[in-house]
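Be aware that the sequence shown starts at 681, since it is given in my numbering, and climbs by one per residue.
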Amino acid sequence: MHPHLFMKEGTFIFQKGSMFRRLFVSYMLITFIPIAVLFGILYKNSVVNLRSEVESFSISNMYKIKDLMDTRIREWKSISSLISLNPKLSPYNMTNQDYQTMEGIAELAKYKAGNAFISDILLWYKNDEDRLFSSTGTISLPVLLEKSYGFNEAERMQFERDIRNMKVPVLKSFPASDTMTYMVPLPVFGLSQHGTAIFMFKGSVIRKMISEGRTEFQGATLLLDANLNEMVKVDTNGMLEQEGMLAFLKEKVVPGIHVVDFKHNSLSMISVVSEETGWTYVTVIPTRQFQAVVTSQEIFVIACTLILLVLCSAVALTLALGNYRPIRKLDTFVRQHRLTSDAAKGNELENISQAIGKALALNQSLTDQLDTQRMLLRYDVLIRLLKGDSSSRDEQIKLLESSGLSSTGPYYAVILVCYDPTEGELAKLNGKVLDYVADHYSADGKAFAVEPGSDNAVAIIACAKAKGDYGELQHLAEQILELYGESRGKVTIGIGKIGDELLQINRSYIEAYAAVEHRSVLCDRPIIRFEEIVTFPQWYWQSAEDEMYWLHSLKQGDRAQALEALRKMVGHIEDKNMPEAMTRFACNKIADLAIQAVQQVTRESAPGRNEAPQFGEAIIHVIQFHSLPEFRRHMQTLIGSICDYVYKVQQQREQGLVAHIIRYMEDNFKDPNLSLESIAEQFGNSNYYWSRFFKEKIGCHFTDYLWNLRVREAKRQFAASNKTLKDVVADIGYLDLSSFSRRFKGEEGITPGQYRKLYATANET
């Protein structure tokens, strides 16, 4: 321990107000007084408390054994009820019909398979007294008892009397064969007995269960039936073999824990009675076994108390120094870096607190950036769920957890809000829809909204309570529709089918998309469910759902999904085994859908021009097929051409939009009001969409791109003009010179003034 640890800037650290002094006094109080009082109480009550703990542990184990047996009894009663109600196990089927007997034995095997505690389940019926039915077959009653279980003559006769004369369920023990039975008259709920269900199990099973639940104390455990007759005993040291011990214990049986005296030997007797079986569980432990443990406990308590009395001050000093050292280092650090506003007048913690407050204020912008990144991550996760990019449920759950999204589930569906791409004013309402869903549904994990990438849609992943419950989804769709006000007639909302897996979100998204495209079929209703579409008549060999998936996959350029849909539809035709003419007609129907997709994607990509002829040769091959394999092969070629074309068009659109946005940024970066919100106002969609657009398509965040444009212009003016720094900063769109200077120095390593001087010196040289 170095002497300088006791000094603080030349002052003894025990001075008034020092943090070290406060820490040392606190630890003295925390460690010395409470521990001394605690151990004094423990010493005084050690014997009583230790005995109580041991006895409580012992009776807890007894209750565990009782509860296990009670659970088994309830299980057997339940199985008996099932047997009584099972028509395959009726007396008539079991005794008069060979085939039904085999079915009944199979049923018994099922009941037996679910209960490893029992060795077998037996059935006896009055109309067939000499046979028993078990989970393995049919066997003569004497043979089973004597050969399989080793019953002696007396036990066998007792067993037969019990099954014939029983009125209520009862547990029986047969010590000679170490076998126990639980017998239940059949039917369970009837008045006239026609048979008995017998659950066979070995006494060794109960003894093993008792042995596993016993404590380290050497004693004996005894199980008595409702009449206090011995059923099972576990006695490793022969305690129960003493003359008169069993009779003595039976007289002293009282539920709970109490001490008895047998032949001048003090015994702790623990008794538990089961209301389910009427059994009494008794454990006897010699009281003297507690004394050795208590004595060692007394020595331990005294030794610990003495040691603590000696070491308490040293411990308090060590803890105080250990905790004060990092505080002192932090205080020195903030002083050296002048993170405090004034000369330090308070103690070390007050100085550190002031420095932390200043650091938090300086890093608020970083926190805002992190929030933006988190939002982008959430949007990326939602887009991946919609597109079905993740391959497994576990991967999707990890994505949700990593992004901080929490879904209430347990069922999911997609609501797709679409409008005509030419309606630019409607696109500007995307942000309003996203904010509404976020404010009213996302916080509770009920729904999440995202723009899926197109400029005329908002997708909402919503949770549902049941698979067929569209009430809440319909209500949410109606609320979204109200946000569009007088323009609601130009909006179409599609609702996909409800699924019970995250993997089905992509499927529901496609279904919602298909529902939107079929608005005209449903008399121009603004809200359409996919389930309403698939009820329309279709060719009997293809479902409407398959046709919609086929069309959607082609128009989206999803090659894998289109090939899978083709395989499924051609498979349906093959399974029908139709005449050649009908087969050709069905294939032409599929080809017609592909031609429709070609016409739509070419019309949307090049309005006013007909680019469909580039698919002409592939379409001709599809139509002029001679067999299903040939049709499938030509269709696969056409699918590849369509998907390649769609991908090319999408790339051209993206590149054109990127170029347009870059030109807009270069023309308007000097505008101090330029922001994601202003871009969303100018071009439509939401600021979240454009934030993601900059990150994915341009390769950096919007703020970084805007900063690069402004700082490039600022450097040019610093070098080529005589404007003041304030005028240059104002000219490039910055309103706060100090904020610009801080970031400029962080990026370039020098201040704007130093940059201008450095550039001027370089020019002179």
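Using N, Cα and C, we set each Cβ at its ideal position, and we do this for glycine too.
Because the structure is a prediction, the values reported are computed rather than measured.
Rounded to whole angstroms, Ile1173 and Ser1355 show a C-alpha spacing of 30 Å.
Rounded to whole angstroms, the gap between the alpha carbons of Glu955 and Ser1188 is 54 Å. Per the DSSP secondary-structure output, Gly875 pairs in a beta bridge with Tyr805, Leu866. Ranking Tyr1121, Gly1151, Asp1149, Ala1146 by CA distance to the CA of Ile1140 puts Tyr1121 first. Scanning its chain for C-beta atoms nearer than 8 Å, with the 5 sequence neighbours on each side dropped, one finds around Arg1168 the residues Leu1161, Glu1162, Pro1206, in chain order. Measuring C-alpha to C-alpha distances from Gly958 to each of Ile1412, Val1329, Ile753 identifies Ile753 as the nearest. Following the DSSP letters along the chain, one finds Thr816 in no beta strand (DSSP E), marked with neither H nor E.
DSSP assignment within the stretch 893-972 yields the following whole beta strand (DSSP E) runs of 3 residues or more, N-terminal first: 900-904, 910-915, 936-942, 945-953, 960-966. DSSP places Gly1179 within a strand segment (E or B) once states are collapsed to three.
Taking the CA atoms as reference points, Tyr1368 sits about 17 Å from Leu1066.
Listed as beta-bridge partners of Phe1128 by DSSP are Ile1141.
Shown here for Asp808: same chain residues with a beta carbon closer than 6 Å to its own, the five before and five after excluded, namely Thr775 in chain order. Below 8 Å, too few C-beta pairs join the stretch 925-934 and the stretch 712-721 to call them touching: fewer than three. The beta carbon of Trp804 lies closer than 6 Å to those of Leu812, Ile843, Gly875, Thr876 in the same chain, with the five residues before and after it left out. With contacts defined as CB atoms closer than 8 Å, Lys1177 and Ala1245 fail to qualify as a contacting pair. Where Tyr1099 is concerned, there is no enclosing alpha helix (DSSP H), although the beta strand (DSSP E) around it starts and stops at 1091-1099.
Cβ contact annotation for Lys1425 (same chain, cutoff 7 Å, sequence separation greater than five): Thr1431, in chain order. Contact check for Ala1000 against Leu1405 fails: the beta carbons are separated by 8 Å or more.
Unbroken alpha helix (DSSP H) stretches of 4 residues or longer found wholly inside the stretch 722-788: 771-776, given in chain order. Judged by beta-carbon spacing, Asn795 lies within the 8 Å limit of Glu755, meaning their Cβ atoms are closer than that value. Between Met863 and Lys852, the beta carbon gap of about 7 Å places them in contact (Cβ cut-off 8 Å). An exposed status is given to Ile1036, since fewer than 16 other beta-carbon atoms sit within 10 Å of its beta-carbon. Selection Val1171, Ala1144, Leu989 evaluated against Glu1181 yields Ala1144 as nearest (Cα-Cα). The Cβ atoms of Ile798 and Lys792 lie closer than 8 Å to each other.
Burial is judged here by how many other beta carbons sit within 10 angstroms of a residue's own beta carbon; Ser764 has at least 16 and is buried. Taking 8 Å as the cut-off, the beta carbon of Tyr1414 is found no closer than this to the beta carbon of Arg1436. Here Leu1415 carries a coil assignment [DSSP, helix/strand/coil]. In this chain, Phe1363 is not harboured by any beta strand (DSSP E); it is covered by the alpha helix (DSSP H) spanning 1356-1363. Setting aside the 5 residues that flank it on each side, Ile1275 is surrounded in the same chain by Ile1299, each with a C-beta closer than 7 Å to its C-beta; the list follows chain order.
Under DSSP, Gly1174 shares a beta bridge with Leu1096, Ile1208. Put simply, of Val1061, Pro1090, Gly1068 the residue whose alpha carbon is nearest the alpha carbon of Lys1078 is Val1061.
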